Amino acid sequence: MVAANLPFNPPVAHVITPASHFSGSPMSKRALPVTRAENFPEWYQAVVRDADMAEASPVRGCMVIKPWGYGVWELLQRQLDDRIKETGHENCYFPLFIPKSFIAKEAEHVEGFAKEMAVVTHHRLKNVDGKLELDPDAELEEPLIVRPTSETIIGDAFSRWVRSYRDLPLLINQWANVVRWEMRTRLFLRTAEFLWQEGHTAHADEAEAREHTLRMLEVYREFAETVLAMPVIAGEKPENERFPGADNTYSIEAMMQDGKALQAGTSHYLGTHFSKAQDIRYQNREGGESYCHTTSWGVSTRMIGGVIMTHGDDDGLRLPPAIAPRQIVIVPMLRDKPEDAEVLAYCEALQKELSKRVALGAPVRAFVDKKATKSADKRWNWVRRGAPVILEIGPRDAAGGQVTFMRRDHLRDGDKIISTASSREAFIASAAALLEEIQASLFAEAKLRLDEAITPIASFADLEAFFGAAAEDDEAGVAFKGWARVAWSKPTGEALETVATRLKALKLTIRNAPMAQPASVGACIFTGAPGVEEVLIARAY
RNA sequence: CGGGGCGUAGCUCAGCCUGGUAGAGCACCUGCUUUGGGAGCAGGGGGUCGGGAGUUCGAGUCCCCCCGCCCCGACCA
């Protein structure tokens, strides 16, 4: 398969020089200083910045999420929260700080997180010769860990909350911030502090806990595809990619436009590891004592990075309407003339009408951009931010009962901006359908890309050829490879480490074993032994 | 934390080699002109040139140290 023409528009003939991307022929203008094809990582950063999503903060690795980015998070959060509650969970809040001894309770858990924990050791500062220093007299008896995840502190609560089988299942979720001191950070994709949701459940028996783990994975899959319009492959992580302390880890994996995989959500079956470590026991029907089987699962602000790299184009972000803080933006063409008042009144009336409509299960979010700047600038700002529908309303529209609109998902025909005129009534009547169509078309576009870019590969040599060929001069991360789907014998322990090492040489990892498996599987590409299942292999974020 | 690259205006960058007191385009402000589309002209605001310490009469430019960002590696939602 030739991958080069998969993700992007045909390579632009009119190469845009960074210093002058707003000059030159109007036909060649793009809203961003760099295209995906030129440099994908730089393009990503440009979108985050120019779409007003977030910015770096004075604290290394931490970000400021700006109103437009946080608005996306709130919509994402609300719709996922609904689903979490529909599946029987209740929200709680647990402390930011976790006693060091708690983390130490589960051996693998410690090992997995020890290298990236922020530790609070003092509770007071002292002024020493005009300098603020840690007060040696205020050292904590036991250091506190800023939570990297909350299994241990929630497990501690569970051990008190669970007495009898009648208390089970215990289904809890929390929305919180967590801290993992990462070596290398990228806005949204990997930050030292991030926002997420973590679900924690305790069950009487293994089968129910396992079922619940998969149920939440399915909630994530449906959520990602329906709300974020981001197609994913749900599957089980190989043993070496498991969450520290889990028996099984499942993920949803999304394909970014550079062909890399992004783990967009995880769900873990924790067995009885944490319940044994933390004494989460219950009295069973027979009067004896049993350990609970626990699960945990989470998605984070990383998903927003996934949305950007799934839907963004060379003009900026394209937001699925379901998570667009403003779905229909009305830009009045104001000209400092008396008729401005009429145009504005027309726009406001239009906004009011649109807001009465319901699309994707919620009132339409329509907005009139009254900011006193040039309308052309306002238009391009909304293009970069990815507002799904942008209207430009001038005096002629107002007088004639018309609207002129652009669809952000299909902004251009070649280099030309597609602007459509419609009667006001027809537009209002079809606005909800339009938003739903945009939601569907963004999904369809990404789904097609994902499906076409998964290549079955039957031998390790072919895998090397497939991924290795252009690996050398791929400094800008341009070469699009997509994913490979291969059969393997599911080795464990050292045999698996060997596989991982061979893949690492190609910068590859096993993403997951998709839930949907074929009836029969070929020979393992690593060992030649009979295959047990098929797995996806990719470069990853 | 290792290897490479880079930090000059809000953004994209020039100036650094060959030291002489800070620039361009876009953005922003004011005025005039223009008006179905990222307009034109004129004027203007904005930078302790990432930070510190040195060499020098003089440092954006040379030397040293530190910090941050980006890419690759190790680690990871």
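Quick note: the first sequence uses the numbering used here, first residue 215, plus one each step. We treat Cβ as the ideally placed atom computed from N, Cα and C, and that holds for glycine. All values reported here derive from a predicted model rather than from experimental measurement.
Item: DSSP bridge partner residues for F619 (one or two, in chain order); Value: L605 and T634
Item: Under the three-state DSSP convention, the category E396 falls into; Value: coil
Item: Buried or exposed (CB count within 10 angstroms, at least 16 for buried), M397; Value: exposed
Item: Those residues which DSSP pairs with L476 across a bridge; Value: A468
Item: Bridge partners - D507, DSSP secondary structure assignment; Value: According to the sequence as given, residue 507 is His; it is not Asp. For H507, which the question treats as bridged, DSSP gives the partners H417.
Item: Own chain residues within Cβ distance below 6 Å of S465, not counting five before or after; Value: K451, Q477, T480 and N726
Item: Cβ distance (whole Å) where A646 is taken to contact V572 below 8 Å; Value: 6 Å
Item: Closest residue to T366 among S589, E412 and T524 (Cα-Cα distance); Value: E412
Item: Under 8 Å between C-beta atoms of I604 and R593; Value: yes
Item: Simplified DSSP assignment, three categories, for M523; Value: helix
Item: C-alpha distance - A709 paired with L750, whole-angstrom precision; Value: 18 Å
Item: DSSP beta-bridge partners of S481; Value: Y464 and W511
Item: Inter-residue spacing [alpha-carbon to alpha-carbon] between G736 and D627; Value: 44 Å
Item: Per-residue burial, P546 [other beta carbons within 10 Å of its own, 16 or more giving buried]; Value: buried
Item: Own chain, CB closer than 7 Å to R429, minus 5 neighbours either side, in chain order; Value: T301
Item: 7 Å CB neighbourhood of E686 in its chain, flanking five on each side removed; Value: Since pLDDT at E686 reaches only 46, below the 50 mark, its modelled position is unreliable, and the value read off the structure follows with that caveat. There are no such residues.
Item: Coil, strand or helix - N305 by DSSP; Value: strand
Item: D381 to W375 span [Cα, whole Å]; Value: 8 Å
Item: Sub-8 Å separation of I753 and K718 beta-carbons; Value: In the sequence on display, residue 753 carries Arg and not Ile. No, they are not a contact pair.
Item: Under 8 Å between C-beta atoms of A416 and T508; Value: yes
Item: Alpha carbon of Q161 to alpha carbon of Y258, nearest angstrom; Value: Shown here, the chain extends from 215 to 755; a query on residue 161 therefore has no answer.
Item: Given 8 Å, three or more beta-carbon pairs between the stretch 648-661 and the stretch 573-582; Value: yes
Item: Residue ranges of each alpha helix (DSSP H) within the stretch 254-309, 4 or longer; Value: 254-264 and 281-300
Item: Among V360, P535, L568 and A635, the one whose alpha carbon lies nearest that of F619; Value: A635
Item: Cβ neighbour criterion (16 or more within 10 Å) applied to P309; Value: exposed
Item: Through-space distance from Q541 to L677, alpha-carbon basis; Value: 43 Å
Item: A468 burial status per 10 Å Cβ neighbour count (16 or more: buried); Value: buried
Item: Burial state of E695, where buried means 16 or more other Cβ atoms lie within 10 Å; Value: Checking the sequence shown, residue 695 turns out to be Lys, not Glu. It is buried - the Cβ of K695 has at least 16 other Cβ atoms within 10 Å.
Item: Own chain partners of A538 with C-beta closer than 8 Å, once the 5 adjacent residues on each side are dropped; Value: V286, L289, R579, G600, A601 and P602
Item: Span separating the alpha-carbon of L568 from that of L431; Value: 35 Å
Item: Validate contact between the stretch 270-283 and the stretch 498-508 using beta carbons, cut 8 Å, 3 pairs; Value: no
Item: Buried versus exposed call for L346 [16 or more other C-beta atoms within 10 Å across all chains shown]; Value: exposed
Item: Beta-carbon proximity check, A460 vs L484, cutoff 8 Å; Value: yes
Item: Sequence-distant residues of its chain with Cβ nearer than 7 Å to A268 (five each side left out); Value: V262, M277, V278, I279, K280, G283, L401 and F402
Item: Which listed residue (M729, A672, Q616 and G473) has its alpha carbon closest to that of A251; Value: G473
Item: For A727, the three-state DSSP class (helix, strand or coil); Value: strand
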